[in-house]
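Heads up: the protein sequence lines correspond to chains A and B, in order.
First residue of the first sequence: 3, per this note's numbering; consecutive thereafter.
First residue of the second sequence: -9, per this note's numbering; consecutive thereafter.
Every residue, glycine too, gets a C-beta built ideally from N, C-alpha and C.
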Amino acid sequence: MPPVSRALWRSVDEPAAGSDGHGPHDAHPLEFSPSRRDFMRLAAASLALAGAGCSPPAEEITPYVKSDGEPVPGVPRYFATAMSLGGAAIGVLARSDMGRPTKIEGNPTHPSSLGATDVWAQAAVLELWDPRRSQTVRRGALPMSREAFFSALGARLERLRARGGEGLRVLTRYVDSPTLEAQLRAVLERFPAARRHVWEPLHRDNSVEGARLAFGRVLEPVYRFDRADVVVALDADFLREGPGRVRYARDFAARRRADGRAGAMSRVYAIESRPTLAGAMADHRVALPVAGIERWLAQLDGQLRGAESDDPRVRAAAADLAASAGRALIVAGESLPPGAHALVHALNDALGAPGQTLQYIAPVAAAESCTASLRELTGDMHAGRVDTLLVLGGNPVYDAPADLAFGDALARVPFSAHLALRRDETSAAATWHVPATHFLEHWSDARAHDGTASVVQPLIAPLYGGTSPHALLAAVAGEPDADGHRRVRRTWTLRQAQGEREFENFWRDSLREGVVRGSAAAPVSARPRGVPYSPPAGPAGWSVRFVEDASVRDGEFAANAWLQELPRPDSKLTWDNAALLAPGSAAVLGVRTGDLVEIEAGAARVRAPVWVLPGQAEGAIAIALGYGRGTGVDAYPLRASGSPWEVRDAHVRRSDGRHAFATTQEHARMEGRDPVRRAAIADFEAGDFDLGKEQPEESLYPEWRYEGYRWGMAIDLGACIGCNACTIACQAENNIPTVGKDQVARGREMHWIRVDRYYEGDAAAPRTLFQPVPCMQCENAPCEEVCPVGATVHDSEGVNVQVYNRCVGTRFCSNNCPYKVRRFNFLQFADRESESLKAMRNPEVTVRMRGVMEKCNYCLQRITRARIETEREGRRIADGEVVTACQAACPAEAIVFGDLNDPKSRVIAAKRSPLEYALLGELNTRPRTTYLARLFNPNPDIEEG
Amino acid sequence: MAEVLRGRWGYASITDKIADIVLTRPVHWVWALVFGAAASGALFFFGAMGYLFVRGIGIWGVDIPVAWGYAIGNFVWWIGIGHAGTFISAFLLLLRQKWRNSINRFAEAMTLFAAGIAGVWPILHLGRPWFFYWLTPYPNVMELWPQWRSPLVWDIFAISTYLIVSLLFWYVGLVPDLATLRDRAHTRAKQVVYGLLALGWRGEARHWARFETAYLLLAGLAAPLVISVHSVVSLDFAVGNTPGWHSTLFPPYFVAGALFSGFAMVLTLAIPMRHFFGLQDFITARHLDHAAKIMLATGLIVAYGYFMEIFTAFYSGDEYEIYMTLNRMAGPYAPVYWLLMACNVIAPQLLWFRRVRRTVWLLFVLSIVINVGMWSERFMIVVTSLHRDFLPSSWGMFYPTGWDWSMLAGSIGLFTMLFLLFVRFLPAISIFEMREIAREERE
């Protein structure tokens, strides 16, 4: 890999270390109101932005079902579109405020979303409005016009045509867009000697090869966790990684609640090499390096075939699976080798899973091995057989396997162009860099994890005049019509083969609903072949496990401040990755958190700071990919094409130096205080459980009567998977600034809803408990009593509101808040300068200045909007009409919000559960946000601990 | 028992001695040196305030959960120091403790400067300090009043009342001496300034009669304020629900602590002052002995407070209180706890010994030790209580920044500068009250 200049990354990354991309140090020093002259200047700038920078797409776009009708100024409209990530799309509704996309919600009609989103969808608006997005075409470092690039490309293509496209290569990520797929085919038709390649750093090659082993062809499983009574997850974080994660979380959580029916709750076994969300939700969890998981799988296989394992957990899991045939499911993670995948297919088949708990479909995007594809490409590049390379997205110079030396190979290609949102390593190494459009800026289409297609419609004309991959390929294919809208329509005209009028209806419905009806992939029935499988012997040295980062994924989102500052679910680290070590392994190496270790694998060496993480597999180091640019450590140099997920015989030793981390939760134990209460389902059903609930104390004062609405919330800890979608959704909804790593390290992060993570039990094999904590909206709010200026008060509907205008910043309220949910603007954290960030913000929410306290207020702006609408119609707000941002994003439906005065509301139903309890109820704060205790469904045959 | 006034002093010689410090004595190089250092500190303090107003309180180490830090600790510390003066002047006057006459003037000045500096900290501490007046009830178009349930509002009243009454009391007590200075001044400027300040005092019997009444009335007014101001300050904490704050013990415990640190500061100032200005006959060993005894007594009350806190934590059985207590003793801030125990509980036990109370340099060291200890106590109350309260997930640490330390140092500089100016421009010892003592001694 050629050295990437730090200056480049400074320009891309470091400003992101501040608030909304601005360092607090860059903030304007004086906070007094602007003078009239300033005001006029700002107003003019805003007008200019509204007029020039920010205009609707040229073509007609169709709002989502519920936003039909004429646009009304000040009333947001929602448009259905879809966001692709890693070869599968999630259907989303993008909120448009006067043409500006400001917030992403899930699309309830879309099978991968069902109304929820993941953290990346929530961060998409910041991706769009990021002022540091690439804005100009460049040849080398030289800014060029877009026309210059296309004429250079045209000239090149003319020469290529003469030899049938010999030397032309197109490198994409996983392609889940039917239109892009068709265009790639058209390119190959025009240039028969050209080749297309695919590289996805978080690829699914092992699944692909495993399916090929088992079925003789590539098939993809689509899981039905809602139908599974017993789930065995083998190093598979199906709640956070891979296609379908949001839908799976919903299905999974549906089976983790106590709904009164016996056997309604599923039982989950997680055998994994690093802490995952699935593992945290599991009833039984075993932490092993990958080789150990393979052996565990082999034992399970043996046990199911009648052999006797000496591991009681294997015996119990096998018995559970066998007893639940037809309702059992084994999920294999990407780190397992193809043979293990094939064995899992066979076991699932034997357990009667196909057609019940899983379905096979033809692959949506991962149809071939990326590694093989990229190896072939780099081989040809090294050999000088490639003279024109188009890289559509991705960043292979940074993330290609180290042994393929993609960067060196790229230097040998005379003409290369990289289409990307940001100028990154590949852009710098390619001869041309072309700024790409964001998915909210272009027409496209995309397929979900189950194959369902959506049309991607833009909400806004490209902010910086970027080029979409479709437009680039259209130029290559020699299409005369460069219009993205017509091209996507044409794809679907060809597919639908119907009359013009029917097509118009079809098109409008598809845009309105955000899905193409009936486009889900047809289930394929296939019987796996028995493939002999022998697990490897134990690893010789340290196992180094490369994992998808919960925030930056493969590095794609490394410049997104919201994601960087989002605490990683397991470690609660921000702005960093680390060598995650189990406590025992750390003791062996003689290191503690913050020390450095040197990891040596093959010829590569990486120095990484240690984070001791309970629940990490002993003898295995997990390290997240995607860092090393401005923050964290780049693990890609260790990652070779033959060992994409795990290096088995690495050498690790202690190194000199210390590293300072920024974490949002320093203390991981509950100290016997039991903020997260738990119960086993068997005890719960037998009525034999004690949540230690406190009775509210008597008061001398009469109870306040709420005549109208009385808002309240319930959070189901049994359903919460700890994914952080609520935190980032709240950040996007409420204009919450980011503060940067140094400020997080000082304890000044601003998230209004945080997800606490506690460990219970032995540090080597702990149980992980998650607890989202927003403002509890106490009835006896301790914050209100101590505010000297009355800046925090109860409103008539029981919400504890914060009056920013009135706040002088004594911070007494925060001291007196036993939940510590209040956040203070110690400095000017919100970026009040960048024009594009102004356009991104929710116009219904104040941007706070420094010196004021802020906190969750149940999305008051959403309540107000619903009130305005219903008052106009002369009716009460119905249950479910106000959905808070956290609730909307939650894939597990763990958060329920509603009117406590409405006896039929879902929140009342939730609060009637015997599992309901108030956090720190003994303080008599009488919180309106209460919790449902976490339920477990342990196998009685397994003695824990 | 040593006497209150040592040697043979008459009316004239007392007046000469004290007034000469102000009127004729040339500037001593030690004074100039200390003044230079203190004035630089004060200048820095004002500069730092400016920077603070521009950048925001994020320049300090405060965070969530420790949203209050040095600013509040310093506030309580300074207001505590500002206790001894009024206590000496008012309480001891009412109790007819004549020995107070030689130390009340500068102790009151100390009170004023300390309370004034204390009053600055809560404003600096605000997120938006330019709106500090919103804490006061003033007529405004929004028809908004402060929120009366908040102890911070009570604080505003307690401190401002205390400041005003202390200022009046001090000024009224100064009037006869200002007249003396007016009469003895050699330059026109001094005559005019002191003359204006003396409010036409001519020393008539009528004047003296009215003066005595007014002074006694003000003393009666000031005495309860000594108790109330720090009681109210303590409510800033005691009304909160944080373990380590929520305690009915706080008002008396804070008042005792305030007197403890106040008398320590009296000694810290008196000992160098009597040394450099040769006032050993006025501020005698007996004065130092008395002050030391009061420190011992109040120190014992403070120690009682510490032990009762521990006792109630365990007696209540409240897990948060128990944890807080153990965390103070063995948590990350344990050194602060043991420092204050050493300074405030163990060190003052030396004062049981007469030899110690009569050893001037040792008293001076002890007074510094006690002030360090009392500052540590405020750090413990503010920071250690907040950093680990109810939910372990929210536990955090507080690390002071350079700004925290330097602004504390700057405020000490400002205080020292003001005191040095006071010594040079006003009679640091009450002339007329000393004359009273001289008369009584003769009788």
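Short of 8 Å in beta carbon distance, which residues of its chain neighbour residue i, apart from the five on each side in sequence? Order them along the chain.
i	result
B:Ala2	none
B:Gly46	Gly117
Report yes if the CB atom of residue i is closer than 7 Å to the CB atom of residue j, and no otherwise.
i	j	result
A:Ala334	A:Pro585	no
A:Glu107	A:Ala868	no
A:Ala455	A:Val220	no
A:Val458	A:Ala84	yes
A:Ile717	A:Pro677	no
A:Leu215	A:Pro340	yes
A:Leu615	A:Leu582	yes
B:His73	B:Ala248	yes
A:Ala344	A:Val533	yes
Rounded to a whole number of angstroms, what is the C-alpha to C-alpha distance between residue i and residue j?
i	j	result
A:Tyr821	A:Glu846	27 Å
A:Pro59	A:Val490	15 Å
A:Thr794	A:Glu786	5 Å
A:Cys819	A:Val94	36 Å
B:Pro382	A:Gly811	25 Å
A:Leu306	A:Tyr535	15 Å
B:Asn91	B:Tyr128	40 Å
A:Ala637	A:Trp201	18 Å
B:Gly268	B:Val413	13 Å
B:Tyr152	B:Ala80	12 Å
A:Pro639	A:Arg650	15 Å
What are the boundary residues of the beta strand (DSSP E) that includes residue i?
i	result
A:Thr278	Neither: A:Thr278 is in no beta strand (DSSP E) and is coded neither H nor E.
A:Ile601	597 to 603
B:Asn64	From DSSP, B:Asn64 is part of no beta strand (DSSP E) but of the alpha helix (DSSP H) over 60 to 71.
A:Val127	Segment 126 to 131 is the alpha helix (DSSP H) holding A:Val127; no beta strand (DSSP E) there.
A:Pro103	102 to 108
B:Met331	Not the beta strand (DSSP E): B:Met331 falls in the alpha helix (DSSP H), residues 324 to 331.
A:Trp544	544 to 549
A:Leu331	330 to 334
So with CB distances below 8 Å, who are the chain B contacts of residue i?
i	result
A:Arg570	Chain B residues near A:Arg570: none, gap ~15 Å exceeds 8 Å.
A:Leu345	Chain B residues near A:Leu345: none, gap ~41 Å exceeds 8 Å.
A:Val788	Arg139, Ser140, Pro141, Leu142, Val229, Gly230
Along chain B, in chain order, which residues have C-beta atoms closer than 9 Å to that of residue i?
i	result
A:Asn827	Gly46, Gly48, Gly117
A:Asp758	Leu381, Pro382, Ser383, Ser384
Excluding the 5 residues flanking residue i on each side, which residues of the same chain have their C-beta closer than 6 Å to its C-beta?
i	result
A:Arg148	Val139
B:Met397	Ala38
B:Ile421	Thr5, Ile8, Asp167, Thr170
Which stretch, first to last residue, makes up the alpha helix (DSSP H) that contains residue i?
i	result
A:His487	486 to 498
A:Arg161	148 to 164
A:Thr872	862 to 875
A:Arg963	Since the first and last residues shown for chain A are 3 and 947, residue 963 of chain A lies out of range.
A:Leu565	563 to 567
A:Trp613	Taken as a continuous stretch (DSSP letters only), A:Trp613 belongs to no alpha helix (DSSP H), being part of the beta strand (DSSP E) at 606 to 614.
Please list the partners that residue i has in chain A, where partner means a Cβ-to-Cβ separation under 9 Å.
i	result
B:Asn512	Beyond the ends of chain B as shown, which are -9 and 433, falls residue 512 of chain B; an answer cannot be given.
Which bits of chain A does residue i rub up against, with CB to CB less than 7 Å?
i	result
B:Phe121	Val810
B:Asp53	Arg748, Gly749, Arg750
Skipping 5 residues on each side, what residues in its chain have a beta carbon closer than 7 Å to that of residue i?
i	result
A:Leu360	Pro223, Val224, Tyr225, Arg226, Leu331, Asn350
A:Asp228	Asp253, Ala256, Arg257
A:Asn782	Asn926, Thr927, Arg928
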